[in-house]
Structure formats: C-alpha cells, structure tokens
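So for the sequence shown, our numbering puts the first residue at 482; every next one is plus one.
Scroll down for the structure; my scribbles are underneath it.
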Amino acid sequence: IGNAAEHSTAILMARENRMDLSLGIAVGSSIQIALFVAPLLVVASYFLAPRPMDLVFTPAEVMASVLAVAISAQIASDGESNWFEGVQLLAVYVILGIAFYFLPEMAAGQK
482 IGNAAEHSTA ILMARENRMD LSLGIAVGSS IQIALFVAPL LVVASYFLAP RPMDLVFTPA
542 EVMASVLAVA ISAQIASDGE SNWFEGVQLL AVYVILGIAF YFLPEMAAGQ K
C-alpha cells in the first residue's frame, strides 16, 4: 500500500508510452523495498514479533530472487515492451506463487 502512488504513476507513464520513466519507477521502488524495508522489518521484529526475524534466506528464496532479477533484466534490456513480455512476467509470478505454496510440504517430506 505504501508504494501504491509510485505504482500508479508507473502505470500512467507506461500508458503515455514513456517506458524509460515507467521502468525507472518500478525498478527504483523494488530497490527501495529491498534495501530499506526488509532491514527495517528485522529491527522491528525484535520489538513486535514473538521470534525475531533474520535475513537468512533459503536456497529456494535465493533462486526466486535470481529468477525475478533475470526476467526483469531481460524485459528491460531493449527499452520497450509488448504483451508477450507481460505474459512472461505474470507466468513467473504464478510459478513462484505455486512453488512457494507447495514448498513447506516438500521441505517437510525431506526431513
């Protein structure tokens, strides 16, 4: 919800065919979350959560991040977009969602 204004601005800029500005806003927003909000949540978890949060990621989470960065770099490399690239982004989102839905069961089966 905090970045809703940025996302709406990125959508408006994309509709006006200003893809460079739209991609800059979207990527900048993602970097802001990764570099500021995640560490802030770790600090806040010491006061608010029953168990403190850490920034130790599982191999699946690291691979998901690598996949998201790779597909975003592929989409942004030529400076323009089409419907197929949008479908690729949605497909990666759905695949990651399904994978992480079944991930706890897969991890429990290995123990």
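Heads up, the beta-carbon is just placed ideally off N, CA and C, and yes, glycines get one too.
Buried or exposed: G590, going by 16 or more other Cβ atoms within 10 Å of its Cβ?
Position 109 of the sequence shown, counted from the start, is the residue given in the question as residue 590. For G590, the predicted structure reports a pLDDT of 47, less than 50, and the residue's modelled location is therefore unreliable. A value from the coordinates is still provided. With fewer than 16 Cβ atoms within 10 Å of its Cβ, G590 is classed as exposed.
Following the continuous alpha helix (DSSP H) through T539, name the residue where it begins and the one where it ends.
For the purposes of this step, residue 539 is taken as residue 58 along the sequence shown, with counting starting at 1. No alpha helix (DSSP H) holds T539; DSSP gives it neither H nor E.
Here's the rule I'm using: 16 or more other beta-carbon atoms within 10 Å means buried, otherwise exposed. How should I579 be labelled?
Counting from one through the sequence shown, the residue named residue 579 turns up at place 98. Exposed, by the Cβ-count rule.
Rounded to the nearest angstrom, what separates G509 and E542 at their Cα positions?
As a working note, residue 509 is residue 28 in the sequence shown. As a working note, residue 542 is residue 61 in the sequence shown. Near 21 Å, if we compare the C-alpha coordinates of E542 and G509.
Three-state class that DSSP yields for E561 in the structure shown:
Counting from 1 along the sequence shown, the entry for residue 561 is found at position 80. Three-state result, E561: coil.
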